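Notes for the one structure printed next.
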Amino acid sequence: MDHQGRAYQLTAEVVSSYYPFTHYGSGLVLLDQGDELLPWNDTVRALGDYFPVHSFEGGSHRFEHMEEALKLIREHVKD
111 MDHQGRAYQL TAEVVSSYYP FTHYGSGLVL LDQGDELLPW NDTVRALGDY FPVHSFEGGS
171 HRFEHMEEAL KLIREHVKD
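Residue numbering for the sequence shown follows the numbering used here, starting at 111 and increasing by one per position.
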């Protein structure tokens, strides 16, 4: 479903149109372990060597831990 509740299927063609993900620069990865679409541990394996990664127990693909993450975001921006 898209953000308006309509059925949507992500195709290989759409994915191949995205720019490659860079491992350079500054980044902060915040994850909910309860994400039902993207396995959080796959993201940790893919990006954990390049960026700080913080995961929160539970939650969902919508990322339900913004309040808890604000301190981490402020620290990241400050550095």
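A virtual CB, placed ideally from N, CA and C, is assigned to each residue, including glycine.
Fair warning: this is a prediction, and the values are worked out from it, not measured in the lab.
Neighbour-count burial assignment, residue i, 16 or more Cβ in a 10 Å radius
i, result
"Leu-147", "exposed"
"Gly-169", "buried"
"His-113", "exposed"
"His-171", "exposed"
"Asp-152", "exposed"
Alpha carbon of residue i to alpha carbon of residue j, nearest angstrom
i, j, result
"Gly-135", "Ser-165", "20 Å"
"Leu-180", "Ser-127", "32 Å"
"Lys-188", "Leu-138", "12 Å"
"Gln-143", "Glu-177", "16 Å"
"His-133", "Pro-162", "12 Å"
"Gln-119", "Met-111", "8 Å"
"Thr-121", "Leu-141", "23 Å"
Local conformation of residue i per DSSP, three classes
i, result
"His-164", "strand"
"Leu-148", "coil"
"Leu-180", "helix"
Nearest to residue i (by Cα), restricted to the options the options
i, options, result
"Pro-149", "Leu-138, Pro-162, Glu-167", "Glu-167"
Proximity test, residue i beta-carbon vs the ligand NAP heavy atom, cut-off 7 Å
i, result
"Leu-182", "The model depicted lacks the ligand NAP and carries no ligand whatsoever."
Review point. Are three or more beta carbon pairs between the region 154–161 and the region 176–184 nearer than 8 Å?
Key: no
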